[in-house]
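J.: The structure that follows is given in the form of structure tokens.
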Amino acid sequence: SQKIEQNSEALNIQEGKTATLTCNYTNYSPAYLQWYRQDPGRGPVFLLLIRENEKEKRKERLKVTFDTTLKQSLFHITASQPADSATYLCALDLKQAAGNKLTFGGGTRVLVKP
Amino acid sequence: KAGVTQTPRYLIKTRGQQVTLSCSPISGHRSVSWYQQTPGQGLQFLFEYFSETQRNKGNFPGRFSGRQFSNSRSEMNVSTLELGDSALYLCASSTGGSGNTIYFGEGSWLTVV
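Going down the list, the protein sequences come from chains A and B.
Take the first sequence: its letter number 58 is residue 1037 in this note's numbering, and every next letter is one higher.
Take the second sequence: its letter number 60 is residue 125 in this note's numbering, and every next letter is one higher.
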């Protein structure tokens, strides 16, 4: 069966450290993998997109890696700040004829302590 | 540029009733997708509309339907509401191509009692 797994346990991290989140998937062939941030009661906010032929993508303090052999993406927040506390979702955009149809993981909650 | 606007923000309905939720995409965006988010199932894709046509569909019963108007605004309808339909319903818009950035609205919180 098809699955997208993110660590369901909250990640508690000290301010200034690097938070690393994992997204593992099985039985999917994604064309793209995306990461979103979601705050309580709000809609998800797009952070980064990485294509199947890309190994790494960076944006400011964020870094995403994508290993299609391992079927895994890692999401890093460097020099974490309390404002980074949120739930982070990975989403697969499958190879399909057209359009947008994201399949989401369950999300990992990150709590950055000052 | 205004973001994705969803109305109403909160609503309470009774089992068996129907509900219509509205979404105004970002100006210029022709793709509107709908998602359901619950604590148990997470974020699940309902359907996507592009230029007034349903282009993709998730695995939800026929009670869930949608439509898109010529101005790209979209509505989704849920008929014969069940308690399990209580959820945050999220609308997302994009220009429509695969790999484009998708922008979510703040969602409509539906409680079925």
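The C-beta atom is built at its ideal place from N, Cα and C for all residues, glycine as well.
Owing to the predicted nature of the structure, the values given are computational and were not obtained by experimental measurement.
For P1009 of chain A, name the three-state secondary structure that DSSP assigns.
T.: Walking along the first sequence from the start, residue 1009 of chain A turns up at place 30. Here P1009 of chain A sits in strand by DSSP.
J.: Determine contact between the segment 105-120 of chain B and the segment 1078-1088 of chain A, defined as no fewer than three beta-carbon pairs at a distance below 8 Å.
T.: Taking 8 Å as the limit for Cβ pairs, the verdict is that the segment 1078-1088 of chain A does touch the segment 105-120 of chain B.
J.: Measure the beta-carbon distance from Q993 of chain A to L1068 of chain A and round it to whole angstroms, keeping in mind my assumption that it falls under 8 Å.
T.: Within the first sequence, residue 993 of chain A is the residue found at index 14, counting from 1. Within the first sequence, residue 1068 of chain A is the residue found at index 89, counting from 1. Actually they are not in contact, since the Cβ atoms of Q993 of chain A and L1068 of chain A sit about 23 Å apart, beyond 8 Å.
J.: If we define contact as Cβ-Cβ less than 9 Å, is Q1013 of chain A a contact residue for chain B?
T.: The residue labelled residue 1013 of chain A in the question sits at position 34 within the first sequence. True, the Cβ-Cβ gap to chain B drops below 9 Å.
J.: From the DSSP output, read off the bridge partner residues of K1038 of chain A.
T.: In the first sequence, residue 1038 of chain A corresponds to position 59, counting from 1. For K1038 of chain A, which the question treats as bridged, DSSP gives the partners A:L1041.
J.: Keeping to the same chain, check which residues put their C-beta closer than 6 Å to that of K1036 of chain A; ignore five residues upstream and five downstream.
T.: Here residue 1036 of chain A corresponds to residue number 57 of the first sequence, with the count starting at 1. Excluding residues within five positions, the ones whose Cβ falls inside 6 Å are L1027, I1029, V1043.
J.: Can you name the residues that DSSP bridges to F112 of chain B?
T.: On the second sequence, residue 112 of chain B is found 47 positions in, with the first residue counted as 1. B:W99, B:K122.
J.: So, helix, strand or coil for A157 of chain B, using DSSP?
T.: Here residue 157 of chain B corresponds to residue number 92 of the second sequence, with the count starting at 1. The answer is strand: DSSP assigns A157 of chain B an E or B state.
J.: Let me check understanding here. Comparing Cα to Cα, which of A:A1062, A:G1020, A:Q1013, A:G1022 lies closest to N1003 of chain A?
T.: Indexing the first sequence from 1 puts residue 1003 of chain A at position 24. The shortest C-alpha separation from N1003 of chain A is found at A:Q1013.
J.: By Cβ distance below 6 Å, which residues in the same chain neighbour S98 of chain B in space, the five residues on each side in sequence not counted?
T.: Here the question's residue 98 of chain B lines up with position 33 in the second sequence. Taken in chain order, the residues that qualify are E113, A157.
J.: Determine, using beta carbons only, whether R1040 of chain A comes closer than 9 Å to chain B.
T.: Position 61 of the first sequence, counting from 1, holds the residue named residue 1040 of chain A. Not closer than 9 Å to any Cβ of chain B, the Cβ of R1040 of chain A fails to qualify, so no.
J.: Mark S135 of chain B as exposed unless 16 or more other C-beta atoms lie within 10 angstroms of its C-beta, in which case mark it buried.
T.: Counting from one through the second sequence, the residue named residue 135 of chain B turns up at place 70. It counts as exposed.
J.: Rank B:G93, B:P126, B:E140 by C-alpha distance to the C-alpha of I167 of chain B and give the top, closest one.
T.: Here residue 167 of chain B refers to the residue found at position 102 when the second sequence is read from its first residue. Cα-wise, what sits closest to I167 of chain B is B:G93.
J.: Grouping DSSP H, G and I as helix and E and B as strand, with all else coil, what is Q148 of chain B?
T.: Working through the second sequence from its first residue, we reach residue 148 of chain B at position 83. It is Leu, not Gln, that sits at residue 148 of chain B in the sequence shown. Here L148 of chain B sits in helix by DSSP.
J.: Is L1071 of chain A near the ligand GDP, going by C-beta to nearest heavy atom under 8 Å?
T.: This structure lacks the ligand GDP, and indeed carries no ligand of any kind.
J.: Using 9 Å as the limit for Cβ to Cβ distance, is L175 of chain B near chain A?
T.: Working through the second sequence from its first residue, we reach residue 175 of chain B at position 110. No, its Cβ sits nowhere closer than 9 Å to a Cβ of chain A.
J.: Would you tell me roughly how many angstroms separate the C-alpha atoms of S96 of chain B and G995 of chain A, rounded to the nearest one?
T.: Translated into positions along the second sequence, residue 96 of chain B becomes position 31. Translated into positions along the first sequence, residue 995 of chain A becomes position 16. One C-alpha to the other measures close to 39 Å.
J.: Closest to Y1007 of chain A by C-alpha separation, out of A:V1091, A:P1061, A:Q981, A:L990, would be which residue?
T.: Against the first sequence, residue 1007 of chain A aligns to sequence position 28. The shortest Cα separation from Y1007 of chain A among A:V1091, A:P1061, A:Q981, A:L990 belongs to A:Q981.
J.: Can you tell me which of the three DSSP states A1062 of chain A falls into?
T.: The residue you call residue 1062 of chain A lines up with position 83 of the first sequence. Looking at A1062 of chain A - three-state DSSP - the assignment turns out to be helix.
J.: Which residue from A:N1032, A:K1050, A:G1020, A:A1010 puts its Cα closest to that of I983 of chain A?
T.: Here residue 983 of chain A refers to the residue found at position 4 of the first sequence. Comparing Cα-Cα distances from I983 of chain A to each of A:N1032, A:K1050, A:G1020, A:A1010, the minimum goes to A:K1050.
J.: Since V84 of chain B and L175 of chain B should fall inside the 8 Å C-beta cutoff, what is the C-beta to C-beta distance between them, to a whole number of angstroms?
T.: Translated into positions along the second sequence, residue 84 of chain B becomes position 19. Translated into positions along the second sequence, residue 175 of chain B becomes position 110. Contact flag correct, Cβ pair sits at about 6 Å.
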